[in-house]
Amino acid sequence: PTDTAARSPVEVPLPAVSVGGMAGLLEILEARGGEDGLAEISDDLNFEVDDLLPLVDAVALLGLATVRGPRIELTEAGRAYTQADILASKQQFARLAAERAPLVRAIVLALRAGVDGRLREGFFVDLLRRRYSEEEARRQLETAIDWGRYAELFDYDADDGVLMLEREPGDIR
2 PTDTAARSPV EVPLPAVSVG GMAGLLEILE ARGGEDGLAE ISDDLNFEVD
52 DLLPLVDAVA LLGLATVRGP RIELTEAGRA YTQADILASK QQFARLAAER
102 APLVRAIVLA LRAGVDGRLR EGFFVDLLRR RYSEEEARRQ LETAIDWGRY
152 AELFDYDADD GVLMLEREPG DIR
């Protein structure tokens with residue numbers, strides 16, 4: 002576990018980015034030899050550096066890239082992610098999200114602690130609202146759900162507003 006893993010979900014907010022957005026930034030870095038300046042990347046894409054920052058924050062949070070001043074560089078984990086097949090990259094993302102993204106980790110731990118591996122989303126929204134606005138609490142949860150579902154750490158029933166642990170193959174819970 003990292004320093005980030007031990008911190009509270011309200012101390013380390015999740016950047017509002019998709020897994021696909023993160024993968025895109027990592028692929029761009031890989032194509033540029035594993036590192037480049039943020040200004041150069043944003044200029045080439047015709048965006049502002051500020052537009053890239055949530056993606057940069059997310060890949061740094063997960064340990065897939067490091068930022069040194071105005072430059073971003075793939076870590077060993079980031080290179081492995083970009084070079085892996087879809088299944089291996091998904092498994093790596095699952096491990097990193099559960100270890101390094103405090104809200105994703107908190108959801109997994111809470112679901113494992115429950116009787117049937119299910120909890121209502123309101124439980125997490127209420128906890129997050131102690132530190133965030135209602136809108137930001139929901140955005141944080143939506144991001145965590147997006148990351149957790151992609152990683153197959155847990156599933157989400159939007160109709161019932163329930164998060165649940167992913168079932169193992171053959172699990173007939």
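Residue numbers are given in this note's numbering: position 113 of the sequence shown equals residue 114, and the series is strictly consecutive.
Even glycine gets a Cβ: it sits at the ideal position worked out from N, Cα and C.
None of the values given here were measured: they were computed from a predicted structure.
Taking the alpha carbon of residue i as the reference point, which residue from the options has its own alpha carbon closest?
i	options	result
A32	R119, I146 and E74	E74
V105	A40, V60, P55 and A152	A152
G149	G70, R131, R96 and N47	R96
V60	R132, T76, D160 and D158	T76
A99	I146, D117, E49 and G70	I146
For residue i, report the span of its alpha helix (DSSP H) as first-last.
i	result
Y133	Counting along the chain, Y133 falls outside any alpha helix (DSSP H), and DSSP gives it neither H nor E.
V79	With the sequence shown as reference, residue 79 is identified as Gly, and Val is not the correct amino acid for it. Here the alpha helix (DSSP H) through G79 covers E77 to Q84.
R106	P103 to A114
A66	First-last for A66: A66 to R69, but that is the beta strand (DSSP E), not the alpha helix (DSSP H).
V60	V50 to L62
Going by the beta-carbon positions, is the gap between residue i and residue j smaller than 9 angstroms?
i	j	result
L26	T144	no
E122	L142	yes
R119	L53	no
R101	L63	yes
F94	V18	no
R8	E36	no
A66	L30	yes
P10	A114	no
V176	L112	Residue 176 is absent from the structure shown; the chain starts at 2 and stops at 174.
How many angstroms separate the CA atom of residue i from the CA atom of residue j?
i	j	result
A24	S43	16 angstroms
D156	A138	19 angstroms
D78	G162	Sequence inspection shows Ala at residue 78; the Asp mentioned does not correspond to that position. Distance between the alpha carbons of A78 and G162 is about 34 angstroms.
L56	G22	7 angstroms
P2	P103	Any reading at P2 needs caution, since the residue's pLDDT is 49, under 50, leaving its predicted position unreliable; the model's value is listed next. Spanning the two alpha carbons is a distance of roughly 11 angstroms.
G92	D58	Looking at the sequence provided, one finds Gln at residue 92 rather than Gly. Spanning the two alpha carbons is a distance of roughly 21 angstroms.
R131	V13	14 angstroms
R80	V109	26 angstroms
D51	S134	23 angstroms
V116	D158	18 angstroms
D45	D160	41 angstroms
With respect to the beta strand (DSSP E) encompassing residue i, which residues constitute its N-terminal and C-terminal limits?
i	result
G38	E36 to G38
F155	F155 to D158
**Prompt:** Per the contact definition of three or more C-beta pairs closer than 8 angstroms, is the region 69-87 in contact with the region 122-133?
**Reply:** no
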